[in-house]
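Asks: Residue numbers (the numbering used here): 96 to 170. Glycine included, each C-beta is placed from N, C-alpha and C at the ideal position. Computed from a predicted structure; not experimentally measured. Below is the structure I would like to discuss, written out as structure tokens.
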Amino acid sequence: MSKDLLADWKTSKFILVKNILTDTSHVIVLSDIKFWAEHYTELQDWCKKQNAKVEGMTVSINTDKTLTLFILRWS
96 MSKDLLADWK TSKFILVKNI LTDTSHVIVL SDIKFWAEHY TELQDWCKKQ
146 NAKVEGMTVS INTDKTLTLF ILRWS
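Below, the structure written as structure tokens:
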């Protein structure tokens, strides 16, 4: 039996991605499509207040503090 390499992605609302390819501090992939479709407007409002940026199914966050706030708010 093979191990499911995407098991975490299937059970999480979001995944924090290592930022080796971007110039932003943190990139979050929104992995629970149903949840984020239902809360997209709320997420956009939150991002505007926190100076984060929603881009499709990702969120770019520039500070560790904002990342902590994101994790606390959306976990």
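Do you know offhand how far Thr158's Cα is from Glu133's?
Replies: Spanning the two alpha carbons is a distance of roughly 26 Å.
Asks: Could you tell me the boundaries of the beta strand (DSSP E) in which Lys148 lies?
Replies: Looking at the DSSP string, the run of the beta strand (DSSP E) that includes Lys148 is 148-150.
Asks: Would DSSP call Thr158 helix, strand or coil?
Replies: Three-state result, Thr158: coil.
Asks: Relative to the alpha-carbon of Lys129, which residue among Ser107, Ala147, Leu164, Arg168 has its alpha-carbon at the smallest distance?
Replies: Of Ser107, Ala147, Leu164, Arg168, the residue nearest in Cα terms is Ser107.
Asks: Might you give, ordered along the chain, the residues of its own chain that have their beta carbon closer than 7 Å to the beta carbon of Leu174, omitting 5 neighbours on each side?
Replies: Shown here, the chain extends from 96 to 170; a query on residue 174 therefore has no answer.
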